[in-house]
Each structure stands twice: as C-alpha cells, then as structure tokens.
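Asker: The structure under discussion is supplied below as structure tokens; questions concerning it will follow.
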Amino acid sequence: MIDGSRIYYLILDYIQGLELLSVYNNLTPINIHDISMSISEFLNNLHRIKGNKYDIGHYIPIIPNHDKSWKVGHELYWDYVYNNVTGLQPDDGLVKLLKAADGYFKENVSSLDYEGGPVLLHNDFHFKNIIVKNNAFAGVIDWECSQYGEMDFELIHLLHWSLYPPSKDLNMTVMFNSVFREQMKSREIPMIEKRFTIYMLEHDFMQIVWSKGNKTDEYMPRIRSWLDGKLEEYVRNIM
Numbered sequence: 003m004i005d006g007s008r009i010y011y012l013i014l015d016y017i018q019g020l021e022l023l024s025v026y027n028n029l030t031p032i033n034i035h036d037i038s039m040s041i042s043e044f045l046n047n048l049h050r051i052k053g054n055k056y057d058i059g060h061y062i063p064i065i066p067n068h069d070k071s072w073k074v075g076h077e078l079y080w081d082y083v084y085n086n087v088t089g090l091q092p093d094d095g096l097v098k099l100l101k102a103a104d105g106y107f108k109e110n111v112s113s114l115d116y117e118g119g120p121v122l123l124h125n126d127f128h129f130k131n132i133i134v135k136n137n138a139f140a141g142v143i144d145w146e147c148s149q150y151g152e153m154d155f156e157l158i159h160l161l162h163w164s165l166y167p168p169s170k171d172l173n174m175t176v177m178f179n180s181v182f183r184e185q186m187k188s189r190e191i192p193m194i195e196k197r198f199t200i201y202m203l204e205h206d207f208m209q210i211v212w213s214k215g216n217k218t219d220e221y222m223p224r225i226r227s228w229l230d231g232k233l234e235e236y237v238r239n240i241m
C-alpha cells in the first residue's frame, strides 16, 4: 500500500527453451524420467507456499477466498456449473449427461472431504506451459491462472492432456504416470480417482458454458468417458 492505494506489480523472467509438448516425441525414456522427477520437485516446492483460503474454479476463481471446506466450495461450484449449463437451454442429450454427472457428483462428493489445506497452484499446469532446454526441465510459464487450492487439483491438466492429447501421435501418459506416482509418495489421498473425475466433470462442463455451447460436441464424449469410469480405471491402474 502506498498512500492508501493498492499497488500491483509483476516480476517477469525469460526462460530459454521450448514447450515440452513440441519436443515430447523426441525425448528418450531417460529424458522423460528425469523431466518427470524435476516436475515433481518443482510442484513440491511450489506447494510449500500455503494459503488460508481456497479459490474454487478452473483457470479463474469462480468462488474466490472461500473460507469453508474444499468440499463445500466444490458443492457451490457444481451448483454454478449445473445452473449455467441449464441456462444454455441444452438439447436432450446434454440434459441427460448433465443429470448423470449430477448424480455422480452427489454420490461421490464425500471424496472431497480429505484436505491438506490451501497451497499455491499454477492452475494451468500442462505440457505447453512446461519449458525444457537440452532435454531437461527449465521452468514453467503462464502464471495468470494461479490460485490457492488442494494440491491434487494441480494434476488434472497433465492428466487431461495425457488421456486426450492434442494430436494422436502423442502419448504422454508415461510422464503423467511418473509425476503422479512421485507426488503420491509423500501423501495418501483417499478416493483420488473420484476426486479427479469430479474435477474433470466440472472442467468439461465449464468449457461448454464458456463457449456458450459451441464446444458441446467436443466435450460430450469426454464427459461420457469420465462417467463410464475411464479415468477411475486409469488412475487405479497406476497407483
């Protein structure tokens, strides 16, 4: 504060290298392992920065400065998602899918009871925002979405890109598997596969909302796959 006015500032740094996505297929198994370990170490250090309130939402805090539980925050968030999808006047197919997702959420929301407490999240942590140089981890860019949340929420973009890569010639599951296992070594999160599924349902329905329905055809198959248990099975197999 200066003379009663709030001053905002940015600290910028130039990171030399290339997007991980652009070089992934050129990496050796050893490269992938080493980058995965560096990513996990980076996340561990980032998540040591603690907060006292949650920001609930993907990319932007739909519910900022939430001082109640993570579970309650996501119940409020899901209500927001549900009401906004309904407001699009969706066709019968999307209505049916939304109701199925609502049933899944209500049946499994207890998986969000576990809390490690608010930590600083990058909140858009995926293969285009990770920079590598000389086949080694160099840093992370695009911090405008950062907010406070549970640490497992950080992993959903890596997971989403692994299961639905931007091109069919990319198979990034090996790196996600390594990062996930390394992250889980120091913590045990009950029902994490159900937590991930809830996060994904929220994310994909919000993509439909933000696009005003234009991305419905793109995201409906993904939503069906979450409800059919694709994500749960995948996560259980790598635990």
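Quick note on numbering: this note's numbering labels position 73 of the sequence shown as 75, and the sequence is numbered without any gaps. A virtual CB, placed ideally from N, CA and C, is assigned to each residue, including glycine. As the structure is a computational prediction, the values presented were derived from the model and not from experiment.
1) Between the segment 141 to 151 and the segment 45 to 57, do at least 3 Cβ pairs fall closer than 8 Å?
2) In its own chain, which residues sit with a C-beta less than 6 Å from the C-beta of F127, not counting the 5 before and 5 after it?
3) Can you check which of these residues, S112, Y79, M241, D36, is closest to H205 by C-alpha distance?
4) Quick check: what's the CA-CA separation for M1 versus S180?
5) Run through DSSP, which three-state label would I240 get?
6) Using the Cα positions of N67 and M208, report the straight-line distance between them to the nearest angstrom.
7) Please report the straight-line C-alpha distance between K232 and H162, rounded to a whole angstrom.
8) Check whether the segment 21 to 35 and the segment 114 to 127 touch, using three or more Cβ-Cβ pairs below 8 Å as the test.
9) Just to confirm the assignment: which complete alpha helix (DSSP H) runs, minimum length 4, are found wholly within the segment 97 to 165?
10) What are the partner residues of L20, as DSSP defines its beta bridges?
Answerer: Straight from the coordinates:
1) yes
2) Leaving aside the five residues that flank F127 on each side, the residues in its chain whose CB is nearer than 6 Å to its CB run, in chain order, E156, H159.
3) Y79
4) This structure leaves residue 1 out entirely; the chain is present only between 3 and 241.
5) helix
6) 20 Å
7) If you take the alpha carbons of K232 and H162, they lie about 12 Å apart.
8) no
9) 158 to 165
10) Under DSSP, L20 takes part in a beta bridge, and its partners are V134.
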